[in-house]
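In the numbering used here, the protein residues as written are 14 to 273. Just so it is clear, CB atoms sit at the ideal spot from N, CA and C, and this is done for glycine as well.
Okay, structure coming up:
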């Protein structure tokens, strides 16, 4: 049975629509490939969770590396340091970067950043959901080039000491919290936010030196610490504070304003 004119017209329209769809998919695919291969594409890939640390360093290096070269030169250093110490001063909302100086055993300050957001107050982090920023000695566990807050450094909280102290206190060592980061943006709960520009600078430096060679020192303030109430209820905290104060004193941090 031969198709009528209306059926033939409908079939023709369907074929044309199919052709338009196929052509559209091919064109959009080509445009997508070009965009994702460009510098803009690297940013898009990052926001989609596919950027690597190498991608991020390539993006931020041209802006950030000259800044650090200049800072190192002012500190008397001719090349990137082999290790770093990052001191997070909770009360002063500052992060100070130290590196081994020209003289053996003498650390020098090479950078300082304002903390844009950090929740909680003096005293260590004790449990999930207490919104506290930790206090103690930590390391960087990994680099996150695809953080919700731009890029981030993951802190190895809870540490072995944190778990041991929790057990001694009768707290469950499995409910101490986790996912503590130093990241970009201007909002944070239990983490440390530096803003996007500052975290790019720190991310590049830490990645270039090697995150395994970075010491993190989270403290309530410069010594002497005035946190007393917390040490009464936590027997181990007084000793931790003594160790933290000794480390900051060795770095030259005292009650004088930082950088003065």
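Short Cβ contact (8 Å threshold) for residue 231 with residue 258: no
Proximal residues to residue 70 (C-beta, below 7 Å), its chain only, five neighbours per side dropped: 217, 220
Given residue 120 as reference, the closest of 255, 95, 83, 175 once Cα atoms are compared: 95
Inside the segment 196 to 241 only - beta strand (DSSP E) runs reaching at least 3 residues: 227 to 232
Closest Cα partner of residue 211 within the set 86, 163, 171, 203: Sorting 86, 163, 171, 203 by C-alpha distance to the C-alpha of residue 211 places 163 at the top.
Per-residue burial, residue 177 [other beta carbons within 10 Å of its own, 16 or more giving buried]: Per the 10 Å Cβ criterion, exposed.
Short Cβ contact (8 Å threshold) for residue 190 with residue 255: no
Minimum C-alpha distance to residue 99 - residue among 149, 79, 192: 149
Burial state of residue 245, where buried means 16 or more other Cβ atoms lie within 10 Å: exposed
Coil, strand or helix - residue 108 by DSSP: strand
Inter-residue CB distance, residue 201 and residue 235 (contact presumed, cutoff 8 Å): Incorrect: roughly 22 Å between the Cβ atoms, too far for contact.
From 115, 109, 229, residue whose alpha carbon lies closest to that of residue 124: 109
Residues bridged to residue 98 [DSSP beta-bridge criterion]: 111, 228
Residue 233 and residue 103 closer than 8 Å at C-beta: yes
Whole-angstrom distance between residue 186 and residue 180, CA atom to CA atom: Cα to Cα, residue 180 sits roughly 6 Å from residue 186.
Local conformation of residue 159 per DSSP, three classes: strand
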